[in-house]
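Here the structure is laid out as structure tokens; the discussion comes afterwards.
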Amino acid sequence: MGLLSDPSISTQSKLVAGLARHVGKVCLLLYVAGVAWFFCLALPEFNHGTYLSENALSPGLVYPEIRVDANRLAIQLLEELHRERKDHVSTTPHAWIAAKMNEFGLETHTHNYTLKYPFGGGKEYYGKNVYGILRAPRIASTEGIVFTAPYRAASSVHTDISPSVPLLLAFADFARRKNYWAKDLIFLVTEQEQLGMQAWLEAYHDGDREYEVNKTYLWSGNLPARAGSLQAALNIEVQDLEIDYVDVRIEGLNGKLPNLDMFNLVQRIMAREGIPSGYRQGPRKKRRHSRSAYEQNLRGILSMLSSQSSGVPNGNHGLFHRYRIDALTIAAARKPTHATLKGNPASAAVPLLKAIEGIARSLNNLLERFHQSFFFYVLVNNDRYISIGDYMPALVALVACAFVKAYLHWFMLPAATDLELEPEPEADAEVEGEPEEPFDRPYGSVMIYITATLMLGFLCNVLPLQQYFLEIPMGAAPLTTSVLSFLSLLGTVLPFVVVLPPGGLELLHVAFLLIYGCALIVVGLLNFGLGFFIAVLTVPLVISLETKEENWSSSYRHSVRLVTLILNPMMIVYVIVLGMTFYQFPELPMQKILLRAATAAMDASAYGLIDSVIYGNFLYFIVSTVFLPMWIMCWTLALSKRRDYADYLGFDEAPPPPRPPPNPRLKKTN
Amino acid sequence: KLNKMRMELAWIVVIHLVGCLADPQDTSVLPEGFVDATQRSTHTNNWAVLVDASRFWFNYRHVANVLSIYRSVKRLGIPDSQIILMIADDMACNPRNPRPGQVYNNANQHINVYGDDVEVDYRGYEVTVENFVRLLTGRTQNGTARSKKLLSDAGSNVLIYLTGHGGDGFLKFQDSEEITSQELADGIQQMWEKKRYNELFFMVDTCQAASLYEKFTSPNVLAVASSLVGEDSLSHHVDPSIGVYMIDRYTYYALEFLEKVQPFSKRTIGEFLQVCPKRVCISTVGVRKDLYRRDPHKVPITDFFGAIRPTRVSTHRINVTLANEEDFIAQQDEEPLKKPFKIVLEPQFPSEFFK
Chain H
807 MGLLSDPSIS TQSKLVAGLA RHVGKVCLLL YVAGVAWFFC LALPEFNHGT YLSENALSPG
867 LVYPEIRVDA NRLAIQLLEE LHRERKDHVS TTPHAWIAAK MNEFGLETHT HNYTLKYPFG
927 GGKEYYGKNV YGILRAPRIA STEGIVFTAP YRAASSVHTD ISPSVPLLLA FADFARRKNY
987 WAKDLIFLVT EQEQLGMQAW LEAYHDGDRE YEVNKTYLWS GNLPARAGSL QAALNIEVQD
1047 LEIDYVDVRI EGLNGKLPNL DMFNLVQRIM AREGIPSGYR QGPRKKRRHS RSAYEQNLRG
1107 ILSMLSSQSS GVPNGNHGLF HRYRIDALTI AAARKPTHAT LKGNPASAAV PLLKAIEGIA
1167 RSLNNLLERF HQSFFFYVLV NNDRYISIGD YMPALVALVA CAFVKAYLHW FMLPAATDLE
1227 LEPEPEADAE VEGEPEEPFD RPYGSVMIYI TATLMLGFLC NVLPLQQYFL EIPMGAAPLT
1287 TSVLSFLSLL GTVLPFVVVL PPGGLELLHV AFLLIYGCAL IVVGLLNFGL GFFIAVLTVP
1347 LVISLETKEE NWSSSYRHSV RLVTLILNPM MIVYVIVLGM TFYQFPELPM QKILLRAATA
1407 AMDASAYGLI DSVIYGNFLY FIVSTVFLPM WIMCWTLALS KRRDYADYLG FDEAPPPPRP
1467 PPNPRLKKTN
Chain R
23 KLNKMRMELA WIVVIHLVGC LADPQDTSVL PEGFVDATQR STHTNNWAVL VDASRFWFNY
83 RHVANVLSIY RSVKRLGIPD SQIILMIADD MACNPRNPRP GQVYNNANQH INVYGDDVEV
143 DYRGYEVTVE NFVRLLTGRT QNGTARSKKL LSDAGSNVLI YLTGHGGDGF LKFQDSEEIT
203 SQELADGIQQ MWEKKRYNEL FFMVDTCQAA SLYEKFTSPN VLAVASSLVG EDSLSHHVDP
263 SIGVYMIDRY TYYALEFLEK VQPFSKRTIG EFLQVCPKRV CISTVGVRKD LYRRDPHKVP
323 ITDFFGAIRP TRVSTHRINV TLANEEDFIA QQDEEPLKKP FKIVLEPQFP SEFFK
């Protein structure tokens, strides 16, 4: 035994001693390295060209067969739809869509769903989706591909995308005549933006589920017909049949992305049809190359990561990712009316129809779900990407600081031998008491403390949705915000009320560092943008946080406390919203901006909660249940409230009760 | 027969030695009669084992490859009972096939290689390495249908054609397992030892195909591969109406050659080995001749791709039962020599009636 463990002790203590001297430098170096690595990612040496890795897709091997008659049909359908829209200003012309699908020979069904809005006195909203299934002619209905078009009523505040439905129907009519489909094709028209999509997907995948009356907000019902396991989905949002460019949207729920092969497939087929398309594609303009390629790449990365980090899908495709269905949106923008080059309207949509056909045929060739290429990547630009293996080191370097510190603090906990590290007599006293009773660390009380903070975080999720809170005549935003602020306030007060027993702070520090590191790595793996931005923001604080009193000037400690206060999750949300408000309305006076940002931040937290209960977005959950408790721990450590032996006895009845006090006899002898 | 061959070999050595001793300049001259005897076809029947080891719709071309070779050998006279066709995936009935029940090997679509009379012996998941090795070595499981057995003998010329996805030293079967070149060489050695072939022509069209015949040690094997080690074999062209690659380059040019071969043609294997030069094939065709005794340029291609057997016309009585019957021997001695006569070959099908 000794043979194996003895030598390690000496090297370990040497390592710890060395580390203790240089920990600040090491952490700073790691932090700088992580950030520098991130900035390097925009360099061409750190990213790779995209390529198609799935052989089965064989994109562009077939000549498109869709002809100008499909375009004529689309134009005719669009005219009909415009007539219908006059009668259905704020509703969807379900009957017309269903009739057309029937006419084209699809197996047409409708799907009803109900939303019981948690706030606002339990108001109910009803919605209806229409979908038609084209059964694969020569194979059992075991797999399907979905083509969806969201329908927006004429009264909608969003951009008009009504031509999507005629385009979808025209393609359905074409596809109906073909015999080579190996998967069922589902043509789906949803309403109420993402809500309809979410309801349809839930109904498709667990339609026969029993609902719990109080906990279910979206009653998605069941579907009368299905088409096997869904392999891929394409969401079509077209502003006009005469298109200028196609914006390919990929960010889904919680920052999930479709397989890189799917994006590459769409890019390749769009290129073949001569449609300018890409991720974040904008209108064609005469570019003045004022920005260097590096800056453009960096902007591309940052914009993708920031839109991913909110976890809100930027199109109906995003909800598919939850069910492991690769999906993306092709959003075609209208050609500006003043465009000098007017195409022939009679064949304007043919390239887009051909592209949809090409994508459909490639997806039809799939033999299994997308699995070859990356699911975790960052697009630098349309033909370059960074894989997870290349971007994770940036985050890992940042988080490594926490683990290095945790290691160091763990070995300094017993501190029996390292007397020179603990020169203070107070610390000395503890240290000498320890070796005689090595298990005297207050594990229990620290555990209880951590549990209490986690409970506070958990309550943020649960409390705003409780029946008695919902009955208060209050809007969703003020209600959520007041519950959140109340709980944060509790967290702020907690370290003043509960003071941990001796050694507890150090132990809490180690626990905090470990939880923090693990949480960031997990969040970063799922949603790199979110994890990385939080890490960049908070790692400096975590590095500078120390529980020891010695060699700390009071101004330093006060500034750390101030920074900790500023980094409260609610403050961060407010600051982000403030920044966005300032960016959007720069003309407003400062006072108004502050006020507007406050209401917007309140709305944002309420939306976050609603998103988490209806769509399963985990941003609200992570912030409230993981980062708020960690902030409370952080705040506790920054305050470093210690009890000395005198008020130790007085705190016996304090909630939550810590472990029974360590043997007082030992203390007295010292 | 083996003894006879050993004798022949011994004779070669002896003659060679004598030749060397007599005239060191002239080693290549062998007695004409001997050369003739060795160059003459020695087989009595023909077999073909045609394997497509790959799956999936995008590997349509491999099915087209193997069906094209099947079509050629069948046209040149090997009956279905002596062709073992292994096809791992059914392209004709794939739901993605816009032309159900048909497989083409050319974008012009003039030959449906999946015609009405294709007999697939091993299909789908039956195409495994195990079944292939069992088939070659004759160790089929009890109850295997006769059509699934390679019932060749010491007089059989066997053609083995493999296509699929390969790498250095292996050929992938069904996207789940591989046969290695060592296993292949072992299988062929067992075939030789079990007297299951007279001569064997091994033809393979995959990436790095030459690696598959590297380990062969068995005699009388002639091997040709579409690409050398380290090279990819490439496909020839796409049919944009079906959306797949139609056929591989090497097989395409091999077929171009085979399509011109008629059952009685004088084309030789030597010519066949030269099809698909690097200019059109892009990969380099690999040939292994060191195990083969005959000069490929004197071997008719129908020795492997057809079923044209050497025929000897005899005017004598032939005793097929007991050679030592005394009255037969006596009678034979008495029988007078017949005059030389002329043979007229009647066409098998009286086509002139339909003109």
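Chains as they are written, first to last, in the working numbering: chain H, 807 to 1476; chain R, 23 to 377.
Note that the Cβ used here is the ideal one computed from N, Cα and C, for glycine as well.
Since we're looking at a predicted model, the values are computed, not measured.
Three-way DSSP call (helix, strand, coil) for residue i in this model
| i | result |
| --- | --- |
| R:Met-108 | strand |
| H:Phe-993 | strand |
| H:Trp-987 | coil |
| H:Thr-1431 | helix |
| H:Thr-965 | coil |
| H:Asn-1028 | coil |
| H:Ile-1438 | helix |
| H:Thr-897 | coil |
| H:Gly-830 | helix |
| R:Asp-74 | strand |
| H:Ile-1042 | strand |
| R:Arg-316 | coil |
| R:Phe-223 | strand |
| H:Ile-872 | coil |
Residue-level contact to chain R via CB, residue i, 9 Å cutoff
| i | result |
| --- | --- |
| H:Arg-1140 | no |
| H:Val-1072 | no |
| H:Lys-984 | yes |
| H:Gly-808 | Note on H:Gly-808: pLDDT 45, under 50, position unreliable in the model; no value is reported. |
| H:Ala-988 | yes |
| H:Pro-943 | yes |
Minimum Cβ-Cβ distance from residue i to chain H less than 9 Å
| i | result |
| --- | --- |
| R:Tyr-267 | yes |
| R:Trp-69 | no |
| R:Phe-195 | no |
| R:Trp-79 | yes |
| R:Ser-263 | yes |
| R:Thr-49 | Confidence in R:Thr-49 is poor, its pLDDT being 44 and thus under 50, which makes the residue's placement unreliable; the coordinate value appears in the next sentence. So, not an interface residue. |
| R:Arg-118 | yes |
| R:Cys-229 | no |
| R:Pro-241 | no |
| R:Pro-285 | no |
| R:Pro-122 | yes |
Listed by chain order, chain A residues near residue i by CB distance under 7 Å
| i | result |
| --- | --- |
| R:Val-260 | No chain A is part of this structure, whose protein chains are labelled H and R. |
Are the stretch 926-944 of chain H and the stretch 997-1012 of chain H touching, with three or more C-beta to C-beta distances below 8 Å?
The answer is yes - the stretch 997-1012 of chain H touches the stretch 926-944 of chain H, with three or more Cβ pairs under 8 Å.
If the cut-off is 7 Å on Cβ atoms, which residues from the stretch 860-874 of chain H count as contacting chain R, listed in chain order?
Shown in chain order are the members of the stretch 860-874 of chain H whose Cβ falls below 7 Å from a Cβ of chain R: Asn-861, Ala-862, Ser-864, Leu-867, Val-868 and Tyr-869.
Quick one: which unbroken alpha helix (DSSP H) runs of 4-plus residues sit fully inside the stretch 1247-1273 of chain H? Chain order, please.
Runs of the alpha helix (DSSP H) inside the stretch 1247-1273 of chain H: 1249-1268.
Flag this pair as touching only if the stretch 118-127 of chain R and the stretch 286-301 of chain R have three or more C-beta atom pairs under 8 Å; answer yes or no.
The answer is no - the stretch 286-301 of chain R does not touch the stretch 118-127 of chain R, with fewer than three Cβ pairs under 8 Å.
Give me the subset of the stretch 1158-1179 of chain H whose CB atoms are less than 9 Å from a CB atom of chain R, sorted by chain position.
Under the 9 Å Cβ criterion, the stretch 1158-1179 of chain H contributes Arg-1167, Ser-1168, Asn-1170, Asn-1171 and Leu-1173.
Do the stretch 1210-1219 of chain H and the stretch 1318-1328 of chain H touch if we need at least three Cβ pairs shorter than 8 Å?
Under the Cβ criterion (8 Å, minimum of three pairs), the stretch 1210-1219 of chain H counts as touching the stretch 1318-1328 of chain H.
Could you pull out every unbroken beta strand (DSSP E) segment of at least 3 residues lying fully inside the stretch 1091-1142 of chain H, listed in chain order?
You should have 1132-1140.
Is the number of C-beta pairs between the stretch 1156-1170 of chain H and the stretch 1078-1091 of chain H that are closer than 8 Å three or more?
With a cut-off of 8 Å, the stretch 1078-1091 of chain H and the stretch 1156-1170 of chain H count as touching, because enough Cβ pairs lie within range.
I'd like the ranges of any alpha helix (DSSP H) spanning at least 4 consecutive residues and lying wholly in the stretch 238-291 of chain R.
Counting only runs of 4 or more, we get 271-281.
Under 9 Å, CB to CB, which of the residues in the stretch 90-111 of chain R have a partner in chain H?
Here the close residues number zero.
Three or more C-beta pairs below 8 Å linking the stretch 311-327 of chain R and the stretch 263-270 of chain R:
Using a Cβ-Cβ distance cut-off of 8 Å, the stretch 311-327 of chain R and the stretch 263-270 of chain R are not in contact, since fewer than three pairs of beta carbons, one from each stretch, lie closer than that value.
The stretch 178-186 of chain R touching the stretch 221-229 of chain R, judged by at least three CB pairs closer than 8 Å:
Yes: at least three Cβ pairs fall under 8 Å.
Can you give, in chain order, each stretch of the alpha helix (DSSP H) that sits fully within the stretch 1311-1393 of chain H and has at least 4 residues?
Within the stretch 1311-1393 of chain H, the complete alpha helix (DSSP H) runs of at least 4 residues are 1334-1350, 1360-1372 and 1375-1390.
Determine, using beta-carbon pairs with one atom in the stretch 267-282 of chain R and one in the stretch 81-100 of chain R, whether at least three such pairs fall under 8 Å.
Touching, yes.
Determine contact between the stretch 1168-1185 of chain H and the stretch 875-887 of chain H, defined as no fewer than three beta-carbon pairs at a distance below 8 Å.
The stretch 1168-1185 of chain H vs the stretch 875-887 of chain H: no contact.
Contact between the stretch 1253-1270 of chain H and the stretch 1371-1391 of chain H: three or more CB pairs below 8 Å?
No, the stretch 1253-1270 of chain H is not in contact with the stretch 1371-1391 of chain H.
Flag this pair as touching only if the stretch 1025-1045 of chain H and the stretch 909-921 of chain H have three or more C-beta atom pairs under 8 Å; answer yes or no.
Result yes; three or more Cβ-Cβ pairs closer than 8 Å.
Is it true that the stretch 1299-1315 of chain H meets the stretch 1165-1181 of chain H, where meeting means three or more beta-carbon pairs spaced less than 8 Å apart?
Proximity of the stretch 1299-1315 of chain H to the stretch 1165-1181 of chain H falls short of the contact definition, fewer than three beta-carbon pairs being nearer than 8 Å.
Does the contact criterion of 3 or more C-beta pairs under 8 Å hold for the stretch 88-106 of chain R versus the stretch 322-330 of chain R?
Segment contact: the stretch 88-106 of chain R against the stretch 322-330 of chain R, three or more CB-CB distances shorter than 8 Å; contact assigned.
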